[in-house]
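> Numbering (our numbering), first residue to last: 24 to 107.
Glycine included, every Cβ here is placed at the ideal spot set by N, Cα and C.
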């Protein structure tokens, strides 16, 4: 497992996923919005995000778990999943 997932570098890596899809402008609101309700993530994006997290952080997300799905809605809760 990569060691950078417990610090701000991990946040930068996760942010990169969203910047690549939405542009730099997303950074200003990334931590304050619901990523699904805002339209930043749809069902295909969630699967793509899970793959990205597995590749970058060596963490496998169980997308069938309700708690995981709810955590995907917010940037900070995603970071908590990664840091477990």
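Tell me whether residue 53 sits in a helix, a strand or coil according to DSSP, three-state version.
In the structure shown, residue 53 sits in coil (DSSP, three-state: anything other than H, G, I, E or B).
> Please classify residue 86: is it buried, with 16 or more other beta-carbons within 10 angstroms of its beta-carbon, or exposed?
Result: exposed.
> What do you reckon, are the CB atoms on residue 34 and residue 102 nearer than 8 Å?
Their beta carbons are under 8 Å apart, which means residue 34 touches residue 102 by this criterion.
> Tell whether a beta-carbon distance below 8 Å holds between residue 91 and residue 104.
Result yes, Cβ atoms of residue 91 and residue 104 sit closer than 8 Å.
> Quick one: is residue 70 buried, meaning 16 or more other Cβ sit within 10 Å of its Cβ, or exposed?
Looking at its Cβ environment, which holds fewer than 16 other Cβ atoms inside 10 Å, residue 70 is exposed.
> Do residue 99 and residue 54 have their C-beta atoms closer together than 8 Å?
In contact: residue 99 and residue 54 (Cβ atoms closer than 8 Å).
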